[in-house]
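*Asks:* Got a structure for you, questions after.
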Amino acid sequence: MTYVVTESCIKCKYTDCVDVCPVDCFREGSNFLVIDPDECIDCTLCVAECPVEAIYAEDDVPENQRQFIALNAELSKTWDPIIEKKDALSDADEWASVTDKLDKLER
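First residue of the sequence shown: 25, per my numbering; consecutive thereafter.
Here it is in structure tokens:
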């Protein structure tokens with residue numbers, strides 16, 4: 025089992041999760057993070073660190089977010105690793121509670 029970043033992260037990109045990852049499995053896009061399922065060791069440390077509750081165990085991803093399992097796997101192959109915490113996007117707080125924002129994902 026791996027962990028999956030879901031829609032809540034889009035246009036927020038808080039990176040608190042990156043800071044606690046012992047295996048550097050996060051990958052960074054311009055407005056979203058993903059977890060490389062081949063690198064994730066299922067340690068659960070990132071889950072509690074996400075201020076928008078965007079990270080789930082693969083088996084616990086809500087039904088309406090299941091497409092993010094494949095999306096994390098796909099994008100983790102092309103995006104660069106992120107290994108240090110960075111500032112969130114400038115308008116992250118405004119987007120934190122917005123739903124239905126998959127169309128805002130920048131690949």
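For glycine and all other residues, C-beta sits at the position ideal for the given N, C-alpha and C.
Can you give the Cα-Cα distance for I34 and V58, rounded to whole angstroms?
*Replies:* The residue given as residue 34 occupies position 10 in the sequence shown. The residue given as residue 58 occupies position 34 in the sequence shown. Taking the straight line joining both Cα atoms gives about 10 Å.
*Asks:* Taking the alpha-carbon positions, what's the C41 to N96 distance?
*Replies:* For the purposes of this step, residue 41 is taken as the residue at position 17 of the sequence shown. For the purposes of this step, residue 96 is taken as the residue at position 72 of the sequence shown. Cα-Cα distance, rounded: 15 Å.
*Asks:* Grab me the residues of Y54's own chain with a C-beta within less than 8 Å of its C-beta, minus the 5 sequence neighbours each way, in chain order.
*Replies:* Against the sequence shown, residue 54 aligns to sequence position 30. This sequence places Ser at residue 54; Tyr is not what is there. Cβ within range, chain order: E130.
*Asks:* Do E77 and I93 come within 8 Å of each other at the CB atom, strictly closer than that value?
*Replies:* Within the sequence shown, the letter at position 69 stands for residue 93. Within the sequence shown, the letter at position 53 stands for residue 77. Not closer than 8 Å, so no.
*Asks:* Going by CA-CA distance only, name the one from V122, E87, E108, D84 that's closest to D43.
*Replies:* Position 19 of the sequence shown holds residue 43. Checked all of V122, E87, E108, D84; the closest Cα to D43 is E108.
*Asks:* Any idea if C3 is buried or exposed, counting beta-carbon neighbours within 10 angstroms, 16 or more meaning buried?
*Replies:* This structure does not reach residue 3, given that the chain is present from 25 up to 131, and the question cannot be answered.
*Asks:* Cβ atoms of Y38 and P75: under 8 Å apart, would you say?
*Replies:* As a position in the sequence shown, residue 75 is number 51, starting the count at 1. As a position in the sequence shown, residue 38 is number 14, starting the count at 1. In this structure, Y38 lies closer than 8 Å to P75 by Cβ.
*Asks:* Tell me which same chain residues have a C-beta within less than 8 Å of the C-beta of Y80, skipping the five on either side of it?
*Replies:* On the sequence shown, position 56 is the one that residue 80 refers to. Same-chain partners within the cutoff: Y27, V28, T30, V71, P86, Q89.
*Asks:* DSSP puts Y80 in a beta bridge; with which residues?
*Replies:* Looking up residue 80 in the sequence shown gives position 56. Answer by DSSP bridge pairing, in chain order: V28.
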